[in-house]
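To keep things clear, I will list the structure first and then write my remarks on it.
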Amino acid sequence: MPVFTVAYLLFLVAPILLLLVGSVGGAWTNTLLPEGFTTEWYRNVWDDGSFRRAFVVSLWVCLATCAATAAIGLPLAYGIYGAARRGVKIAARLLYLMPVAAPPLVLGFGFILVFSSDQLPFLGAPWLLVCGHVVLTLPYLMQTLVADMRHLDLGSLERAAESLGAGFAQRFFGVVVPSLRHSLASGLIMVAALSIGEFQLSNLIAGFLSRPYPVVLLQAFYGATGFACAATVILLALALLSGAAAGAAGRGRVGAVGGRP
Amino acid sequence: MSIAISGLEFRYSGSGAGVSGIDLDVPPGAFCAVIGPSGCGKTTLLQLVAGFLRPAAGRIALSGVDVADVPPKDRNVGVVFQNYALFPHMTALENVAYPLKLRGVPAAERRARAGEALEKAHLSAFAERRPGQLSGGQQQRVALARALVFRPRALLLDEPLSALDAAHRAAMRDEIRAVQREHGIATLHVTHDQEEALSIADMVAVMEGGKLLQLAPPRELYDRPVNRFVAGFVGHANLFDARVAGGMLETPVGPLATRDPLPPEGAAVTVLVRPEALEPISEAHVAEAVAKDDGALVLMGSVTRDRFLGSLRRFDLAVRGGTILGETSSQAPIVGVRVPPGAVRVLPPEA
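Printed below as a string of structure tokens:
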């Protein structure tokens, strides 16, 4: 067993190690490892205007996607959890989980078809990219929220608040939202990580001046190796940062619930 | 601080289950337990009083005020839920202070009042803990403190003890009763545990199929159940179909004499004999048991099941015509029972 574990870890880590090595290495032709150490590649990425712009676009799209999924996801999840009829619940669940099953490529073609028409000529607009990311990431946030609502038995918490004298707004902002803060945070961090790394849909619908980082990154692969490595490591660092934050939020969540009988 | 319910009707739209024709008065300071099998409507009744469900007809008055059109948040009713429903993001103190905060009590005062409530519940040391860091019994006490801190008009308890283990349950039972007495608040306590109901309540309401069958103090409920269902649900019971013949009650096990007033000759009735009211006959005392002349029916037979329950022993005695359930503290071998007239209750005829 340990042999397999080590082999698997190696399989996971090796490409990343090679990327790291390549991003700081000098000449790398016909050798196993590059020769020399340089930070030139990172400087090149920084100096490249299109990469800088793409980095900023990615961050903005990520933030906007997080804000929009939170604003849509929280009330929607609340509505689905509270829906009285079983049929409604199942239908809503299917609907919001559908983007997980549909390949982003299909979604992308759909966007192109609809938004390149004369009536809706919005293809290439940055806000449309945000819409696309929202569609792709919302299921993950919803899933996290609805699961947490069930776990907490939010319905009985609300009834308790109601019996203690809380009106709807007081319940929603005083009990529902704070009770869900951990799952909301970890869900949003997942949304952020997905949005930052999203390539398929973005590649199809992003405008030339609002291409996010992964789309621009593709261009680098056609050029210098070290440059491509450095650019990829930057994306990786962004994604890992989100992952680490998600992990931290997850731990906070377990700590809060742990010890419950 | 009373609860008055009259002619209450409610039907769930889907299943058609619900409650009907409920009349129930809980005077100020009284503790009323509502018992019945699952699905009997006891929890529905509680939700109607709390306002989570709207009755189709009937009247609910709290402290004399009709609350038909009052939403739950304005009813001023303290509710303790089965799963306690403490807010996970608040400390014990914040949980207890929450209803005061909603009522606009200034921060310093509500901290003081919530702190006092926790102190009474012996939880001062746990004030800053979150519910997840408290044991079941502690969560229960926080929930009770939270339900009482705003001086509600009534207290509703929805099976609050069912999640506790047996050892804590008895202690919590006494604690709830003590707190309720101190506040002098009308309380409705829903439970499926009839022993709990008998031991804690001033009055017990037995429900079945959405109807209130009987409302009586525990002693009366036990001694004078209104029908077969109540007799069988509350405590253990021997129930016999009987016919009145020649001043006696003809049952499958033999003619029984009773001290209860006899229904007219030929009437079909149900007879109740509580197991502990029987007089067991041990092998050594057969002769004197038979010789004693007090109108008791002597039934000889063999013990088919013998259950040792610590201070008590419960046995099934197979006799001619049926099986008798008996209780005794004696450990001697049992060969029969005497059924004295004082043990024989005639239940009112079923409507």
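Listed in order, the protein sequences are those of chains A and B. Sequential numbering of the first sequence, starting at 247, is according to our numbering. Sequential numbering of the second sequence, starting at 660, is according to our numbering. Think of the CB as a built atom: it goes at the ideal place given N, C-alpha and C, for glycine as much as any other residue. Remember, it's a predicted structure, so these values are computed and weren't measured experimentally.
**Study point:** Where glycine 501/A falls, given that 16 or more other Cβ within 10 Å makes a residue buried
**Key:** Its pLDDT being 39, under 50, glycine 501/A is placed unreliably by the model, and the measurement read from it follows with that caveat. Exposed: under 16 other Cβ atoms inside 10 Å.
Check your understanding: Is there contact here, the region 316-333 of chain A with the region 386-394 of chain A, by at least three beta-carbon pairs under 8 Å?
Key -> yes
Point to revise | Candidates Trp287/A, Phe419/A and Val303/A: closest to leucine 375/A by CA position | key: Val303/A
Review point. Name the chain A residues that come within less than 8 Å of tyrosine 881/B, Cβ to Cβ?
Key: Correct list: empty, because the minimum Cβ distance to chain A is about 33 Å.
Practice item. Closer than 7 Å, Cβ to Cβ, to anything on chain B: give me those residues from the region 381-402 of chain A, in chain order. Key: Leu398, Asp399 and Ser402
Check your understanding: Is the number of C-beta pairs between the region 885-897 of chain B and the region 963-972 of chain B that are closer than 8 Å three or more?
Key -> no
Check your understanding: Is the CB-CB distance between proline 911/B and alanine 955/B below 8 Å?
Key -> no
Review point. Which two residues bound the contiguous beta strand (DSSP E) that contains isoleucine 993/B?
Key: 993-998
Review point. Got a sec? Which residues, its chain only, sit under 6 Å from glutamine 706/B by beta carbon, not counting five neighbours each side?
Key: Leu712
Check your understanding: How is aspartate 634/B classed by DSSP in three states: helix, strand or coil?
Key -> This structure cannot speak to residue 634/B, because chain B is shown only from 660 to 1010.
Practice item. Take leucine 265/A and list the residues in its own chain whose beta-carbon comes closer than 6 Å to its own, dropping the five residues that flank it on each side. Key: Cys475, Thr478 and Val479
Point to revise | Integer-rounded CB distance, given that isoleucine 694/B should sit under 8 Å from leucine 847/B | key: The Cβ separation is near 12 Å, so there is no contact.
Review point. What are the start and end residues of each continuous beta strand (DSSP E) run of 3 or more residues lying completely inside the region 782-843 of chain B, in chain order?
Key: 813-817
Exercise for review: Determine the contact status of glutamate 281/A and alanine 273/A, defining contact as a CB-CB distance below 8 Å.
Suggested key: yes
Practice item. Report the residue from Glu841/B, Gly843/B, Gly894/B and Ala837/B whose alpha carbon sits nearest the alpha carbon of valine 863/B. Key: Gly894/B
**Study point:** Beta-carbon spacing of leucine 777/B, glycine 411/A below 8 Å
**Key:** no
Check your understanding: With burial defined as no fewer than 16 other Cβ atoms inside 10 Å of the residue's Cβ, what is the status of glutamate 753/B: buried or exposed?
Key -> buried
Exercise for review: Pair every Cβ in the region 452-461 of chain A with every Cβ in the region 363-382 of chain A, then say whether three or more of these pairs are closer than 8 Å.
Suggested key: yes
Exercise for review: State yes or no: is the beta carbon of glycine 328/A nearer than 8 Å to at least one beta carbon in chain B?
Suggested key: no
Point to revise | At least three beta-carbon pairs within less than 8 Å, the region 725-741 of chain B to the region 683-701 of chain B | key: no
Exercise for review: Give the secondary structure of alanine 860/B by DSSP, where H, G and I count as helix, E and B as strand, and everything else as coil.
Suggested key: coil
Review point. Quick one: what does DSSP say alanine 926/B is sitting in, helix, strand or coil?
Key: coil
Review point. Taking the alpha carbon of leucine 692/B as the point to measure from, which residue in Asp824/B, Arg832/B and Leu931/B has its own alpha carbon closest?
Key: At residue 692/B the sequence reads alanine, which differs from the leucine that was named. Out of Asp824/B, Arg832/B and Leu931/B, Arg832/B has the C-alpha closest to the C-alpha of alanine 692/B.
Practice item. Just mark tyrosine 757/B as buried or exposed, buried being the case when its beta carbon has 16 or more other beta carbons within 10 Å. Key: buried
**Study point:** Sufficient close CB pairs (3 or more, under 8 Å) joining the region 975-983 of chain B to the region 908-922 of chain B
**Key:** yes
Check your understanding: Under 9 Å Cβ-Cβ, which residues of chain B neighbour valine 432/A?
Key -> Strictly speaking, residue 432/A in this sequence is serine, with valine absent from that position. Near serine 432/A there are no residues of chain B at all, since even the closest Cβ is about 15 Å away, more than 9 Å.
Check your understanding: Under the three-state reduction of DSSP, which class applies to threonine 251/A: helix, strand or coil?
Key -> helix
Point to revise | Outcome for alanine 767/B when other beta-carbon atoms lying within 10 angstroms are tallied against a minimum of 16 | key: exposed
Point to revise | Chain-ordered chain B contacts of serine 425/A [CB-CB under 8 Å] | key: Phe746, Pro747 and His748
Exercise for review: Could you please give me the residues that DSSP links to valine 423/A through a beta bridge?
Suggested key: Its beta-bridge partners do not exist; DSSP assigns none.
Point to revise | Pair within 8 Å by beta-carbon distance, alanine 802/B and leucine 782/B | key: no
Check your understanding: Can you find at least 3 beta carbon pairs, one from the region 339-351 of chain A and one from the region 413-423 of chain A, that sit closer than 8 Å?
Key -> no
Review point. Which of the three DSSP states, helix, strand or coil, is assigned to alanine 701/B?
Key: Just to set this straight, residue 701/B is lysine in the shown sequence, not alanine. Note: lysine 701/B maps to helix in three-state DSSP.
Point to revise | Proximal residues to threonine 917/B (C-beta, below 8 Å), its chain only, five neighbours per side dropped | key: Leu908, Val930, Pro1000, Val1003, Arg1004 and Val1005
Review point. Where does alanine 412/A fall in DSSP's three states?
Key: coil
**Study point:** Contacts around arginine 789/B, its chain only, beta-carbon distance under 7 Å, and the 5 residues preceding and following it disregarded
**Key:** Pro747 and Thr750
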